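Notes follow once the structure below has been shown.
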Amino acid sequence: MNTQSRRQFLKQAPVGAIIAVIAGRALAADAGKDKSTIENLTATLEARANGEARYAAFAKKADEEGYTQVGSLFRASAKAEKINREDLEKVLKKLGATPKVTAQAPEVKSTKDNLAAALKLVNEEHDDKLPDAISKARSEKNKEALRAFNYCKNSQTEQVTLFEDAGANLEKWKGGTKVIYVCEVCGLTVLALPDEKCPSCLEPIAKFVKVS
Ligand SMILES: [Fe+2]
Numbered sequence: 000m001n002t003q004s005r006r007q008f009l010k011q012a013p014v015g016a017i018i019a020v021i022a023g024r025a026l027a028a029d030a031g032k033d034k035s036t037i038e039n040l041t042a043t044l045e046a047r048a049n050g051e052a053r054y055a056a057f058a059k060k061a062d063e064e065g066y067t068q069v070g071s072l073f074r075a076s077a078k079a080e081k082i083n084r085e086d087l088e089k090v091l092k093k094l095g096a097t098p099k100v101t102a103q104a105p106e107v108k109s110t111k112d113n114l115a116a117a118l119k120l121v122n123e124e125h126d127d128k129l130p131d132a133i134s135k136a137r138s139e140k141n142k143e144a145l146r147a148f149n150y151c152k153n154s155q156t157e158q159v160t161l162f163e164d165a166g167a168n169l170e171k172w173k174g175g176t177k178v179i180y181v182c183e184v185c186g187l188t189v190l191a192l193p194d195e196k197c198p199s200c201l202e203p204i205a206k207f208v209k210v211s
């Protein structure tokens, strides 16, 4: 899915279409589903926790360099990571596992490089790792894990578009702030509020918080 179609998709697609796209990608990724759902939950939790710290550090750097709108984007992304992390921790506990995270010190470079690094990591997760985890959870009929993985994947859809746009048009992201909305239930990160409900978790738009 390219940049423009991702944005249109989030604006217009009914939830069924979102699930259908996820299901299609999951089927294509079946070959890689060699880990248990507990292992996938733990790996996804670690990615979220380290992502939260990484984006917070990237936001600070962006502000220092004057790319304050990129700072807004990274702060919104950190918020989404936190929401997904807390959700994954609850799912792991429900399954009788102990959530564990090995913290990695964020590698902070220039904002241009940080955006490229963020885009690479999100694409790896969105296009490969999470579809594998979704496929495995579906085959195990683990509804809670499936929901949590889908929330993580959906939350990244517009993030990818925004990271791409900021990286390609960095000077336009200099100065001021950018208002970004994050769903406090599922972490969906968007520039424009949906009409009525969050298309990912179906909660009312009142669940979105503004980050800038
Ligand atoms: Fe949501």
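The sequence shown maps to residues 0 to 211 in numbering that gives the first Met the number 0. Even glycine gets a Cβ: it sits at the ideal position worked out from N, Cα and C. Values in this document were obtained by computation on a predicted structure and should not be read as measured data.
- A direct Cα-Cα distance of roughly 32 Å separates A132 from S109.
- Environment of ligand 1, chain-ordered: C182, V184, C185, L187, C197, S199, C200, E202 and K206, taking every residue with Cβ within less than 7 Å of a heavy atom.
- Exclusion of the five residues before and after E88 leaves P98 as the residues of its chain whose Cβ lies within less than 6 Å of its Cβ.
- Considering only K142, S199 and A117, the residue with the shortest C-alpha distance to L40 is K142.
- Segment contact: the region 202-211 against the region 67-87, three or more CB-CB distances shorter than 8 Å; contact assigned.
- Bounds of the alpha helix (DSSP H) holding K119 are T110 to E123.
- Secondary-structure assignment with DSSP links I179 through a beta bridge to V210.
- By the C-beta criterion, the region 52-59 is judged not to be in contact with the region 124-140, since fewer than 3 inter-stretch pairs fall below 8 Å.
- When secondary structure is reduced to three states using DSSP, T160 falls in the helix class.
- Beta bridge pairing from DSSP links K128 with no other residue.
- Annotation: the continuous alpha helix (DSSP H) that includes T67 extends over T67 to K93.
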